[in-house]
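Residue numbers (the numbering used here), protein chains in the order written: chain R, 9 to 154; chain Y, 16 to 128.
Yeah, the Cβ is synthetic: ideal placement off N, Cα and C, and Gly gets one too.
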Amino acid sequence: MALPRSFKRALWVFHVATGSCNGCDIEIVAALTPRYDVERFGIMLTGTPRHADVLLITGPVTKPMLPRLKRIYEQTPDPKAVVVVGGCGSTSGVFYESYNVVGPIDEVIPVDVYVPGCPSRPEAIIDGVVKAVAKLETLEKSRGGE
Amino acid sequence: MSGLSSGFGVWNPIAWALLFVGILVVSFIVRSFGNKGYKRGTGQTKVFLSGNDEPETSNGLHVRGDHLYWGMIDGLSAYYRRVKAWHTGILSDYAAWFVGVLGLVFVILVLAR
């Protein structure tokens, strides 16, 4: 598979857990381990959304996390892509219509890529980030054409 | 380029000015590599505090200079409580202290003779 052009520079990812059971979070960590080693592609977790190109979000949006998720999205510089990891973030999963859940991620912020699974496998997460790269490339080109 | 040589080092204002200008130029070059797409006045330029809103300075976020001495002030809190009580901010009180201490020194000097 030919790597997209965005891979020639490091892609920084910020991970947000908005109420997940940590299953998907562990799989994200697995993607960083030597077995998958996403850092060899330049994909790196960053400690602040202000340095991030991609938001990697796990879990349904719980009520306490609602303003925080909005704030984190707002703090991420443009162009940005949002990747939802796992069934809970995509549809609320087993927490559907739960008393303390606002809903899936796309009810709060726009989502670009959905990665299914409970939890998602590291290969699927990497594939999701690659799709986010393609989205970022499109956004970069459209910005350049303005 | 002449300068002041003290035997331990050399001081030349022109060299320092050139160095300062050099640092400024390098700083501007590094700054130009930054993301120009940042939107001013939005969350993109605010401090990231784990997604929490930035608290007001009156809520204790402001770090004062005397916080550096917190350990010493806390350790000597009994002393500082007493001393701070004497610092009333009233000029006549300070004048009274001055006259009192001056008189005490005068008495000590007289007794020491």
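If valine 93 of chain R and serine 128 of chain R are in contact, beta carbons under 8 Å, what's the gap, nearest whole angstrom? 5 Å
Kindly indicate if chain Y contains any beta-carbon less than 8 Å away from that of proline 57 of chain R. yes
Let me make sure I understand the geometry here. Which of R/Ser106, R/Asp120, R/Gly27 and R/Glu115 has the alpha-carbon closest to that of threonine 66 of chain R? With distances taken between CA atoms, threonine 66 of chain R lies nearest to R/Gly27 out of R/Ser106, R/Asp120, R/Gly27 and R/Glu115.
Determine the closest residue to valine 24 of chain R out of R/Thr56, R/Pro42 and R/Arg17, with distance taken between C-alpha atoms. R/Thr56
Members of the segment 28-49 of chain Y near chain R, C-beta cut-off 7 Å: none
Three-state secondary structure assigned by DSSP to serine 100 of chain R: coil
How far does the beta strand (DSSP E) with phenylalanine 48 of chain Y in it extend, from its first residue to its last? Careful: phenylalanine 48 of chain Y lies outside any beta strand (DSSP E) and carries neither H nor E.
Would you mind reading off the limits of the alpha helix (DSSP H) that contains glycine 90 of chain Y? 85-90
Segment limits, beta strand (DSSP E) that includes isoleucine 51 of chain R: 51-53
Counting only runs of 3+ residues fully inside the segment 18-99 of chain R, write out the beta strand (DSSP E) ranges in chain order. 19-25, 51-53, 62-66 and 89-93
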